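*Asks:*
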Amino acid sequence: MNPFIDNHQPSLGEIERYAWSLLENGSRSPKEAFYTGTFGTVTESGISLRTVVLRGASPEERITICYSDERAGKVEEIRHRDAVSWLFWDEGTKVQLRLNGRATVHSGDSLTAEHWDRTTPGNRRSYLALPAPGSVQPVATSGLPEGLDSRQPTEEEGAAGRENFAVIVTKVDRLEWLWLGKGGHRRAGFRYEGNACTGASWLVP
Ligand SMILES: Cc1cc2nc3c(=O)[nH]c(=O)nc-3n(C[C@H](O)[C@H](O)[C@H](O)COP(=O)(O)O)c2cc1C
C-alpha cells in the first residue's frame with residue numbers, strides 16, 4: 001500500500017519498509033511490477049544493462065537475487081568488477097527504485113543447489129544452450145539441443161542445465177525511492193553497511 005495515501009505523511013522508516021516489501025512481492029509473483037528489473041554491470045568499456053527476473057529479496061540481509069547462465073557476459077563482468085545496480089519502475093504505484101551494491105556469483109555451492117531445486121523444467125531450459133550465451137552463430141538459433149525449442153525438457157534433459165546455473169546475489173549498499181505524486185514528487189535515499197541501515201534522508205526529487 002502506498003504510504004502517502006490519504007494525506008498520511010510517512011516516516012523514512014515506513015518508506016524503507018515499503019520499498020523492500022515491493023521488492024519481496026516482486027520476487028514472489030510474475031503479476032507484480034517488480035518481478036523484473038533492469039540489472040546493470042560495469043564492463044571494460046562502460047556499463048551494461050539487461051532485464052532479469054528478481055528471484056529473491058531480503059530486507060533483513062539487504063540482498064536481491066537473480067539467476068543467470070554462468071557463461072553469460074554479466075557473470076564475467078561481475079567477477080571482474082562487482083559493482084552493480086538495479087532499476088525498477090512500477091507504473092501502478094508510480095514508484096521507481098534504484099539499488100546499488102556489490103554482487104557475488106554463486107555456482108556449485110549449497111545456495112545454488114537450494115535455488116536450483118526451486119526452478120521448474122521451463123526455467124531449466126534457460127541453462128541448456130549448447131554454445132555459450134552471446135556466442136556468434138552462423139544462423140539465428142536458440143542454441144538449445146534438438147527439439148527443445150518446441151517442448152519443455154524432461155527431468156533428465158533439464159538436469160544438464162545445472163552446471164550452467166548461477167545465482168547472483170547483490171548485497172545492497174544504497175537504495176533510492178522515488179514516488180511521482182500528483183501533489184508533488186517525493187524522493188528518499190537509504191545507506192546500508194552490512195545489514196544495518198546507516199543513513200536515511202529525504203531528497204529533492
Ligand atoms: C523479461 C525478461 C526476463 C529475463 N530474465 C533473465 C534472467 O532472470 N536472467 C538472465 O540471465 N537473463 C534474463 N533475461 C535475458 C537478459 O536480459 C540478457 O539478454 C541475457 O541475460 C544476456 O545478458 P548478458 O550477456 O549481459 O549476461 C531476461 C530477458 C527478458 C526480456
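Position one of the sequence shown corresponds to residue 1 (the working numbering), numbered consecutively onward. Glycine included, every Cβ here is placed at the ideal spot set by N, Cα and C. Nothing here was measured: the structure is a model prediction, and the numbers come from that model.
Shorter than 6 angstroms, the distance from the beta carbon of Val52 to the closest heavy atom of ligand 1, or not?
*Replies:* Reading the sequence shown from its first residue, position 52 is the one you call residue 52. Yes.
*Asks:* Give the single residue among Arg28, Gly181 and Gly189 whose Cα lies nearest to the Cα of Ile5.
*Replies:* Sequence index remark: in the sequence shown, residue 5 carries index 5 (1-based). Ile5 has its Cα closest to that of Gly181, out of Arg28, Gly181 and Gly189.
*Asks:* Within 6 angstroms: the Cβ of Ser68 and any heavy atom of ligand 1?
*Replies:* Position 68 of the sequence shown, counted from the start, is the residue given in the question as residue 68. Answer for Ser68: yes, Cβ within range of ligand 1.
*Asks:* Which residue marks the beginning of the alpha helix (DSSP H) containing Lys74, and which one marks its end?
*Replies:* What you label residue 74 is simply residue 74 of the sequence shown in a count that begins at 1. Start and end: Gly73 to His80.
*Asks:* Which residues in the same chain as Pro205 place their Cβ atom closer than 7 angstroms to its Cβ, once the five residues preceding and following it in sequence are excluded?
*Replies:* Your numbering for residue 205 matches position 205 in the sequence shown. Cβ neighbours of Pro205 beyond the five flanking positions: Leu178, His185, Arg186 and Arg187.
*Asks:* Under 8 angstroms by Cβ, that's how I've got Thr170 and Gly73 pegged, so tell me the actual separation to the nearest angstrom.
*Replies:* Position 170 of the sequence shown, counted from the first residue, corresponds to residue 170. Position 73 of the sequence shown, counted from the first residue, corresponds to residue 73. Their Cβ separation, rounded to whole angstroms, is 17 angstroms, which puts Thr170 and Gly73 out of contact at 8 angstroms.
*Asks:* Using CA atoms only, rank isn't needed, just tell me which of Ala196, Gly189 and Ser201 is closest to Gln96.
*Replies:* Looking up residue 96 in the sequence shown gives position 96. The option with the nearest alpha carbon to Gln96 is Gly189.
*Asks:* Quick check on the burial criterion: 16 or more other C-beta atoms within 10 angstroms. Buried or exposed for Thr41?
*Replies:* Translated into the one-based positions of the sequence shown, residue 41 becomes position 41. Thr41 is buried by the Cβ-count criterion.
*Asks:* Looking at Ala72 and ligand 1, is the gap between the Cβ and the nearest heavy atom below 6 angstroms?
*Replies:* Here residue 72 is taken as the residue at index 72 of the sequence shown, counted from 1. Checking every heavy atom of ligand 1 against the Cβ of Ala72, one is found closer than 6 angstroms.
*Asks:* Report the residue ranges of all beta strand (DSSP E) runs contained in full by the stretch 16–73; include only those spanning at least 3 residues, in chain order.
*Replies:* List check, beta strand (DSSP E) in window: 36–42, 47–53, 56–58 and 63–69.
*Asks:* Say whether the stretch 125–134 touches the stretch 54–66, bearing in mind that this needs 3 or more beta-carbon pairs closer than 8 angstroms, one atom from each stretch.
*Replies:* No, the stretch 125–134 is not in contact with the stretch 54–66.
*Asks:* Would you call the stretch 84–95 and the stretch 30–39 touching, i.e. three or more CB-CB distances under 8 angstroms?
*Replies:* Flag = yes, the stretch 84–95 and the stretch 30–39 touch.
*Asks:* So does Gly13 have its beta carbon nearer than 6 angstroms to some heavy atom of ligand 1?
*Replies:* As a first step, residue 13 must be located in the sequence shown, where it is residue number 13. Flag unset: Cβ of Gly13 not near ligand 1.
*Asks:* Closest to His115 by CA distance: which of Pro153, Leu54, Arg71 and Gly134 is it?
*Replies:* Residue mapping note: residue 115 aligns to position 115 of the sequence shown, counting from 1. Minimum Cα distance to His115 is reached at Leu54.
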